[in-house]
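Here the protein sequences come in this chain order: L and G.
All residue numbers for the first sequence refer to the numbering used here, where the first residue is 6 and numbers rise by one.
All residue numbers for the second sequence refer to the numbering used here, where the first residue is 6 and numbers rise by one.
Okay, so here's the structure we're looking at.
Number of protein chains: 2
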Amino acid sequence: MSDQDKLAKLTKLAALIRYYILAATTEAGSGHPTSSLSATELMTGLLFGGFFRYDVDHPEHPNNDRLIFSKGHASPLFYALWAAAGKLSEEELIKTYRKFGSPLEGHPTVSFPYTEAATGSLGQGLSIGLGMALNAKYLDKLPYLTYVLLGDSEMAEGSPWEAIQLAAHYRLDNLIGILDVNRLGQRGETMYGHDLKAYRQRLNAFGWETLLIDGHSFEGILPAYQQAAGGRGKPVMIVARTIKGKGVSFLEDKNGWHGKALTREELARALPELGPIDKSVRGKIPRPHDQRPLEPQPQNAKPVSYPLDKPVATRTAFGNALARIYPEFPRIVSLDAEVSNSTMAEIFQAAYPERFFEVYIAEQNMVGIGLGLARRGKIPFLSTFAAFFSRAFDQIRMSQYSDPNLKFVGSHAGVSIGEDGPSQMGLEDLAMFRALWGSVVLYPGDAVSTEKLVEAAARHQGLVYLRTTRMKTPILYGPEDEFGIGGSKVLHRSDKDVATVIGAGVTLHEALAAWEALQKEGIFIRVIDLYSIKPLDLATLQAAARETKALITVEDHYPEGGLGEAVLSALASTPTPVQTLAVRRKPKSGKPEELLDYEGISARAIISKVKGLL
Amino acid sequence: MSDQDKLAKLTKLAALIRYYILAATTEAGSGHPTSSLSATELMTGLLFGGFFRYDVDHPEHPNNDRLIFSKGHASPLFYALWAAAGKLSEEELIKTYRKFGSPLEGHPTVSFPYTEAATGSLGQGLSIGLGMALNAKYLDKLPYLTYVLLGDSEMAEGSPWEAIQLAAHYRLDNLIGILDVNRLGQRGETMYGHDLKAYRQRLNAFGWETLLIDGHSFEGILPAYQQAAGGRGKPVMIVARTIKGKGVSFLEDKNGWHGKALTREELARALPELGPIDKSVRGKIPRPHDQRPLEPQPQNAKPVSYPLDKPVATRTAFGNALARIYPEFPRIVSLDAEVSNSTMAEIFQAAYPERFFEVYIAEQNMVGIGLGLARRGKIPFLSTFAAFFSRAFDQIRMSQYSDPNLKFVGSHAGVSIGEDGPSQMGLEDLAMFRALWGSVVLYPGDAVSTEKLVEAAARHQGLVYLRTTRMKTPILYGPEDEFGIGGSKVLHRSDKDVATVIGAGVTLHEALAAWEALQKEGIFIRVIDLYSIKPLDLATLQAAARETKALITVEDHYPEGGLGEAVLSALASTPTPVQTLAVRRKPKSGKPEELLDYEGISARAIISKVKGLL
């Protein structure tokens, strides 16, 4: 095809895509047409200009280029592109967009097979793309490129700058951002308006190449993609001047049109402005080379083994476990936010340095990268202090809608960390991770159960949170004991049990100490290790509720959303009273044992609670 | 004092401060001496070089300069400064640092009167400082300066870059950052090591002045502070090359010494290296000019008034309320993250533009700024979509330890937002805000109760979350109805009630519709508006548990940590069964009513649940 024919065809495709955008949003009665129109040429040029390589019949092809709409609200454009590629009918696009049950949701989710990851909370796409580019360069060693479309408004978020920093650090010249500078945010102008140089100077300072172009001219767009794919040791951002609402005179560059669909009357006025629409035109996307990553054969992991007489911190057991099971799960990758010598991910790093990535202190970026890796088939284990996962709650929350195979490991949970004080104490982490759709929450009490649960987490397809403890704790289990998602262990049980004490992690040891003291006085309690907090072992809890007079939960966490409320929820229809011991006083610095006692979650507090029941 | 005498005194003070740092951490057996030693000259020069103005007997003085340790782990240095200023005895510092009950916690909290805000989760201090600088320049109109000490590691976080962007945007030349570039993070070198120019080019690109200095030479440090206070229209960052562990040969620039106290033997080896310690030397801090902000006299707010027949979205009522009550609470400030036309903060902005600050899409920064304003006596209302507060969970979590007078208003809660899909739905926000120590969580069901609860939030000293709804809902209450923190309303009640349905916000209307339908069939239910989810109205819930066979909670939120578990917790010792209706299926796009039904939280679902009990 001659250059002129090519430009003519791209122009036709852009007109068709604009028609789809306007028609679909008007039919839906909502959506973001103007934010889609600004990026129409940018995306048409990318997908149909010969740059993007993708097997449209096999979205799972490992060497497909990747495209992430970080500005997820431009979903009309995203779906319109795939309609223009012939993979979605006009009927389906226009009639089902934003409708209940359609894969074409208001913001892209993985219900639609061409969505790489769900977006819609701004500032997250570049980190996800970074994960995919990291995968290409360092893990799968494939030549695919990762493209991320960003809006100018989302550059106010800190999270893209975390990704920008790290992408330069890892020299990801296979990562290409396209910044759609349409000047207008939701409620007015952005901080920098149409000042492209403001973005250029920031991006250059952070080590990126930048290409400044007119985002509506294919003559500017096509050479930019050509140049961006050059692979010169740096990530590249194409910074494009665009017009919000481009193509429709009464929308162009006008405030007040964000997130608004046209009425039918407005649509009728707008469509003629697009010029003739050729509904038969279809864009071609060339297929990628059929390269696939080398995948090592899984080998059986060595068995777990800890001497029974030597306490081990569960965070150390996590590090040991990850290194131990890697041969069996060679898709494991470990990411850590500059605390690997605290989370003990460093044990894995020492054993498999090429499978470990330091992300520095940038938890949001870590989660985005992890999601990108997970979507490319890896099993990422992300570790930091339990408290600091709160930094990435939005990214964690968003990952729910991408069917995430992500494993979060939070160390330094609870007041039992001691002297460092409340800023370092994970006290809301159970609430945060329990609240996620389909999540698994694990909190082992010793090294053996930690090892087995890390293995269970690796095997489970989905989002898993594992909480570890700073201090060393005694070994409770032998190598033959089994631990699984949804399980529990009854550590003490008799026909004389007056109450059941349910602990996990560090409080399990307090419960065991309480049992020890109480049985010397002839008082017997049942002790349950509820290491799987979500899902939990309903049958065992129900039996305890039937067979003992009261349940007492003990947790090193605030009362809301943690172990206690998990048990209450499970037993909501059971009349047995449940008493919850949890962190109820404002935490402070001190020795672990002082703090456990101060908060009423120590053996002493349990004993007093049990005696109060007699 | 001659310049030479001044330098000699500062050198003496620095030696004393180093002694305090080493002795206190060794006595505590933990802490971060090396991260403190790197910034010793920087902070000694600031506090005792004549730049910092502070009434040391009145930390609350409104014209005091402000100093925030964003690198909170340098707390030994922070406390040592105040000891060197004569406000803390050597005995108290060395004997109580990190001990249970001491105000000298492992990371600074407001238990210590000179702490401006608790820190210890990195990357947050600059936003807090920004809030204080914003207050000085735009609200209190006072000449005080705000200083923030940052570590180089924390520059990997996105959050400082949010603050850096916005500080330049608001031309805060009264904000001065001091970047302690000691090269080493917790587990090794930072991304840029000792490359000061890497920081300079990034900061300059973002619109800051930078001054590059040797952070251990008072000859460089003092002129830098002189220059930084110049007020030339831009915020200033002093970028200082420092040595981690400076002053002790076996610690200097060595990896592996992060967060480690010296043993007594190591301390004995280290102390002689500091040279002679003059324990009698004290630093002088000049007092500020006695300027105080003009404070308008509070005037009574106008009464609430809504026509009973016209539905109003509670988000609109929030905007109305804020504008209505401002005369009574003239310390109110409104911040919004670029969605004021959705949260309806724009109503307040239109009425009081000088009390509104656009923070653009940067929720973490918004919370930090809010905290800075709150610590300077304002009542900040921060608004964005309920879902997007998850972006700032770490900042919100950290604010707990600063006695925060912060009001969070999250709009677009739950699946009832409809077509935009799950990325925009607040479904974990109740869990997140409930889990905070001492928090208040409110979720009004109509415009009148929203207005009254916004007023209650403004009056309450503490952290309040108010959840609002996107769609319009009918007016349920009259202007005479009272609503308070910890209250509830029983909307329907009879002696024949078979069950109690507890809703809030949008589900309250579903409960009312269920009542309507059921009573036509002769089935009566009690309906409770649980608008105060934390704390909650225990007496009313207990009465319902006694007087009806079962309780049914209905919430537009995931089951974990929300309204249902709040009720379960409150009634943990009550045998009455509680059934919880909540968002249990993966949410998607669709019409609000379709989604409420799909999730089993509609009137139909309630009716079916009630009939199942019969």
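Virtual Cβ for every residue (Gly too), placed ideally from N, Cα, C.
Source: prediction; values computed, not measured.
In the assembly as shown, R380 (chain L) is a buried residue. Its beta-carbon has 16 or more other beta-carbons within 10 Å.
Nearest CB-CB separation between D399 (chain G) and chain L: below the 7 Å threshold. Counting of Cβ neighbours within 10 angstroms places A13 (chain G) among the exposed residues, the total staying below 16.
Close CB contacts of L18 (chain L) within its chain, under the 7 Å cut and outside five residues either way in sequence, are with T49, F53, A89, V286 and G288 (chain order).
Contacts between D425 (chain G) and chain L, judged by CB atoms closer than 9 Å, involve S35, G36, H78, R103, E110, G111, H112, G125 and G264 in chain order. One alpha carbon belongs to V572 (chain G), the other to L109 (chain G), and they sit about 38 Å apart. Residues of the region 348 to 381 of chain G with a C-beta less than 9 Å from any C-beta of chain L: E351, E363, V364, Y365, I366, A367, E368, Q369 and N370, listed in chain order.
Between the region 427 to 443 of chain G and the region 552 to 562 of chain G, the count of Cβ pairs shorter than 8 Å is three or higher; the stretches touch.
Beta-bridge annotation (DSSP): I243 (chain L) is paired with L:I183 and L:L216. The beta-bridge partner set that DSSP reports for L340 (chain G) consists of G:F362 and G:L387. For W442 (chain L), the nearest CB of chain G lies under 7 Å from its own CB, placing it at the interface with that chain. With its beta carbon less than 7 Å from one in chain G, P582 (chain L) belongs to the interface. F390 (chain L) sits away from M437 (chain L), with the two beta carbons spaced by 7 Å or more. Note: L556 (chain L) is bridge-paired with L:T505 and L:V583 in the DSSP secondary-structure output.
Residues of the same chain with a CB within less than 7 Å of the CB of V344 (chain L), apart from the 5 flanking positions on each side, are T389 and F390 in chain order.
Under the three-state reduction of DSSP, H497 (chain G) is assigned to strand. By the neighbour-count definition (other C-beta atoms within 10 Å, threshold 16), N410 (chain G) is a buried residue. Contact annotation: L93 (chain G) and I26 (chain G) have beta-carbon atoms that are not nearer than 7 Å. Residue burial annotation: D314 (chain L) is exposed, with fewer than 16 other C-beta atoms found within 10 angstroms of its C-beta. As the crow flies, the alpha-carbon of E604 (chain G) is around 50 Å from that of H263 (chain G). The three-state secondary structure of K596 (chain L), taken from DSSP, is coil. At least one CB atom of chain L sits nearer than 7 Å to the CB of S578 (chain G).
Within chain L, no residue has its beta carbon less than 8 Å from that of N179 (chain G); the closest one is some 20 Å off. Contact of P564 (chain G) with chain L by beta-carbon distance below 8 Å involves S574. The beta carbon of I352 (chain L) sits closer than 8 Å to those of T321, G324, N325, L327 and A328, all from its chain and outside the five residues before and after it, given in chain order.
Straight-line measurement puts the Cα of A233 (chain G) at about 11 Å from the Cα of T151 (chain G). With a cutoff of 7 Å on beta-carbon distance, G491 (chain G) and S454 (chain G) are scored as not near each other. Annotated as proximal: R176 (chain L) and G238 (chain L), with beta-carbon spacing under 7 Å. Under the 7 Å criterion on CB atoms, S407 (chain G) is classed as non-interfacial with respect to chain L.
Within chain G, no C-beta atom comes nearer than 9 Å to that of S421 (chain L); the closest sits roughly 13 Å away. Using beta-carbon distances, Q231 (chain L) does not count as an interface residue toward chain G, since no partner is under 7 Å. Residue environment for G235 (chain L): exposed (fewer than 16 other C-beta atoms within 10 angstroms of its C-beta). Not a single CB atom of chain G sits nearer than 7 Å to the CB of W213 (chain L).
Taking a Cβ-Cβ cut-off of 7 Å, the neighbours of H174 (chain G) in chain L comprise M196, given in sequence order. Residue burial annotation: E487 (chain L) is exposed, with fewer than 16 other C-beta atoms found within 10 angstroms of its C-beta. Sequence-distant partners of A173 (chain L) (beyond 5 residues in either direction) whose C-beta falls short of 7 Å from its own C-beta, in its chain, are F211, G212, W213, K239 and P240.
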